[in-house]
DNA sequence: GTGTTTGCAAAGTGTTTGCAATTTA
DNA sequence: TAAATTGCAAACACTTTGCAAACAC
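Residue numbers (this note's numbering), protein chains in the order written: chain A, 188 to 328; chain B, 188 to 328.
Quick look at the structure:
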């Protein structure tokens, strides 16, 4: 039978990113990446860690989120002036954003085309094109 | 000859919006709307007012920007987690955003089509679609 | 005069930083 | 043990709020 190898994947990914696999980073890595695409804020992640019995300071949460982002494991999404969202899906894609409750969901990038954009000024280059579909929940009736 | 009617336009617009044409609001209105499309932050607008010899507190700047927004004269643009931009162009359009220097410029809405978006969930309705083309200034060479 | 608006200073929110104590290798 | 990491508390940037004084009508 296969040996159980807890942490193996997280360990390797952190090492690859040049980050020491500390208890906190391992825990956050697992929360973030072992359950499909996710969108988290620092506070939400801390709360989630707490629920899982892991106490991590907000400073460390922010540090880790930024380090993961630099390592290309996460990507920031700007949809709201107030808080920063981090997205575990780093591929080219877009977002639905529920204004009311601050929920984000992915729109795969493949299907979407943005046509008719003017040329970018020649002294600039396009970093990325973000499409944000802002949604409002319909009133019940 | 035509009488000079300073403030007339600003006065009327403010009245229409149900806002008393105070000295501060008149000054801000004129700065914002008497020179084509603009993108301002609260601080930038205060600085500009100061340069024009008008002293307005930041609190009043924020109040006015929000009141103008509620009145449909301005629209907020979210491109950066840190600060809020207000856009004097309230028509349907998109943006170039220069990551480096925080500059915004309009992309007219008419030409642009976004195709291939999935249907919005039925319990939600689309408020708006934002397209943000993020630009980086090219290195000189 | 009466209700509205202003501006200050204080409070608030989300995020970052400095640094001693702890942990990793 | 040397270097990296953590967590606290303080500092930050931007924005909002409470309230007395000033203003518009």
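Beta carbons: idealized from backbone N, C-alpha and C, even for Gly.
Between the alpha carbons of residue i and residue j, how many angstroms are there, rounded?
i: residue 210/B; j: residue 294/B; result: 33 Å
i: residue 227/A; j: residue 289/B; result: 25 Å
i: residue 213/B; j: residue 241/B; result: 11 Å
i: residue 201/B; j: residue 308/A; result: 36 Å
i: residue 216/B; j: residue 249/A; result: 40 Å
i: residue 262/A; j: residue 276/A; result: 7 Å
i: residue 284/B; j: residue 320/B; result: 6 Å
i: residue 199/A; j: residue 207/A; result: 10 Å
i: residue 302/B; j: residue 282/B; result: 18 Å
i: residue 258/A; j: residue 264/A; result: 16 Å
i: residue 255/B; j: residue 278/B; result: 15 Å
i: residue 324/A; j: residue 287/A; result: 7 Å
My output table needs one value for residue i: the three-state DSSP class, helix, strand or coil.
i: residue 324/B; result: strand
i: residue 141/A; result: This structure gives no information on residue 141/A, because the portion of chain A shown stretches from 188 to 328.
i: residue 212/A; result: helix
i: residue 302/A; result: strand
i: residue 199/B; result: helix
i: residue 142/A; result: For residue 142/A there is no data in the structure shown, the boundaries of chain A being 188 and 328.
Could you name the residues that DSSP lists as bridge partners for residue i?
i: residue 295/B; result: 280/B
i: residue 312/A; result: 323/B
i: residue 263/B; result: 273/B
From this set, the options, which residue's C-alpha is nearest residue i's C-alpha?
i: residue 222/A; options: 243/A, 197/A, 205/A; result: 197/A
i: residue 296/A; options: 316/A, 311/A, 219/A, 310/A; result: 316/A
i: residue 322/B; options: 311/B, 305/B, 314/B, 292/B; result: 292/B
i: residue 220/A; options: 203/A, 251/A, 230/A, 260/A; result: 260/A
i: residue 299/A; options: 312/A, 280/A, 285/A; result: 280/A
i: residue 204/A; options: 243/A, 251/A, 230/A, 224/A; result: 251/A
i: residue 236/B; options: 314/B, 218/B, 312/B; result: 218/B
i: residue 326/A; options: 325/B, 231/B, 312/B; result: 312/B
i: residue 234/A; options: 245/A, 304/A, 306/A; result: 245/A
Please determine whether the Cβ atom of residue i lies at a distance below 8 Å from any heavy atom of the ligand NAD.
i: residue 205/A; result: This structure does not include the ligand NAD; it has no bound ligands of any sort.
*Evaluate contact between the segment 265 to 280 of chain B and the segment 266 to 285 of chain A, counting only Cβ atoms and requiring at least three cross-stretch pairs below 8 Å.*
yes
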